[in-house]
Amino acid sequence: MDKPAGLISSLVVCILLLQGLVESAPSSDAHLFPPPPIAYVARGGTVTLKCSATGSPTPTIRWKKGSEWLTPEDNTVSKHVLTLTNVTEEGKYTCVFKTGELVSSVTTAVKIRPLPRTPHSVHMSDVTDTSAQLEWSYSYIPGTDDPTHYHLLLKPKQQNIEPQDITTGTRTSFELTNLTPATEYQVQVIAAGTVGKGPATEPVFFTTKF
Numbered sequence: 197m198d199k200p201a202g203l204i205s206s207l208v209v210c211i212l213l214l215q216g217l218v219e220s221a222p223s224s225d226a227h228l229f230p231p232p233p234i235a236y237v238a239r240g241g242t243v244t245l246k247c248s249a250t251g252s253p254t255p256t257i258r259w260k261k262g263s264e265w266l267t268p269e270d271n272t273v274s275k276h277v278l279t280l281t282n283v284t285e286e287g288k289y290t291c292v293f294k295t296g297e298l299v300s301s302v303t304t305a306v307k308i309r310p311l312p313r314t315p316h317s318v319h320m321s322d323v324t325d326t327s328a329q330l331e332w333s334y335s336y337i338p339g340t341d342d343p344t345h346y347h348l349l350l351k352p353k354q355q356n357i358e359p360q361d362i363t364t365g366t367r368t369s370f371e372l373t374n375l376t377p378a379t380e381y382q383v384q385v386i387a388a389g390t391v392g393k394g395p396a397t398e399p400v401f402f403t404t405k406f
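Numbers given in the numbering used here equal positions in the sequence shown, counted from 1, plus 196.
Take a look at the structure:
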């Protein structure tokens, strides 16, 4: 029967022993919960890498980049979150897992991905006294972060208030409802992806009917 993913079994330990990679085996199985193999982040953004383990003896985890340890030797824990801020370069980060004399590791690559682009061709249609149809277009370019959803920033033009942030799906149209009659509104569209939000469009203005 196949072992579940992330399970470091006594069989694996025996193989490591035969290869001379470890000196002794832990008394029971250990589970490693690694980070994803690739983590995407916008340039200058923040990304979090999570790595944890369970087993007996109690596992410990340390992080390193290349040969440089990022976690002090006396600060090992069984669950560790590595937060990278203001990321400006790509790199590989290794989660090092240890239980007893068994040492294993898994590496994740941090890759920079551009934010989604600004939507375009924003326009209104079917404007009534309490609703309006908003439509826009988005141009996909390989290598950029594809939109997973959109944000619509809606507010009455003459009111000095924070806009209402409406989250939509991946469709490039949305019906705005519960509007006030005879009111001028402004709306902006933002594409959002796995690494964050892109730039907002210029405001588009429309006036509901009486």
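Don't be surprised by glycine CBs; every beta carbon is placed ideally from N, CA and C.
Pairwise C-alpha distance: residue j and residue i
i: Ala249; j: Leu298; result: 13 Å
i: Ala238; j: Gly392; result: 7 Å
i: Leu278; j: Lys307; result: 15 Å
i: Ile386; j: Phe229; result: 34 Å
i: His276; j: Thr404; result: 53 Å
i: Tyr336; j: Glu269; result: 45 Å
i: Ser327; j: His227; result: 54 Å
i: Thr390; j: Glu286; result: 17 Å
i: Ile357; j: Leu348; result: 15 Å
i: Ser300; j: Asp361; result: 45 Å
i: Leu203; j: Gly251; result: Note on Leu203: pLDDT 44, under 50, position unreliable in the model; no value is reported.
i: Ala388; j: Tyr236; result: 14 Å
Whether residue i touches residue j by CB criterion (9 Å)
i: Pro315; j: Thr397; result: yes
i: Glu371; j: Gln329; result: yes
i: Thr376; j: Pro352; result: yes
i: Pro310; j: Thr340; result: yes
i: Tyr346; j: Thr373; result: no
i: Pro153; j: Gly394; result: For residue 153 there is no data in the structure shown, the boundaries of the chain being 197 and 406.
i: Leu413; j: Val318; result: Residue 413 falls outside the range modelled here, since the chain spans only 197 to 406, and no answer is possible.
i: Leu245; j: Pro231; result: yes
Residue of the options minimising C-alpha distance to residue i
i: Lys261; options: Gly251, Leu280, Pro255, Lys275; result: Leu280
i: Val292; options: Leu266, Arg258, His347; result: Arg258
i: Gln354; options: Gly389, Ala378, Asp361, Tyr336; result: Ala378
i: Thr284; options: Thr242, Ser321, Pro268, Ser300; result: Thr242
i: Pro253; options: Gly296, Val302, Thr390; result: Gly296
i: Tyr334; options: Pro232, Leu348, Val302, Pro312; result: Pro312
i: Ser263; options: Thr290, Ser300, Asn356, Ala388; result: Thr290
i: Phe402; options: Met320, Ser300, Thr303; result: Met320
According to DSSP, residues forming a beta bridge with residue i
i: Trp259; result: Cys291
i: Val391; result: Partner(s): none; Val391 has no beta bridge.
i: Thr279; result: Thr244
i: Val302; result: Cys291
i: Ile234; result: Ala305
Neighbourhood of residue i by C-beta, 6 Å cutoff - its chain only, sequence neighbours within 5 removed
i: Ala305; result: Ile234, Lys288
i: Ser369; result: Glu331
i: Val400; result: Val318, Val383
i: Thr267; result: Arg258, Trp259
i: Val302; result: Pro230, Cys291
Sequence-distant residues of its chain with Cβ nearer than 7 Å to residue i (five each side left out)
i: Asn282; result: Gly240
Spatial neighbours of residue i in its chain, beta-carbon cut-off 8 Å, leaving aside the 5 residues before and after
i: Trp265; result: Arg258, Trp259
Near the ligand SAM: residue i beta-carbon under 8 Å from a heavy atom
i: Thr250; result: Here there are no bound small molecules, and the ligand SAM is not part of this structure.
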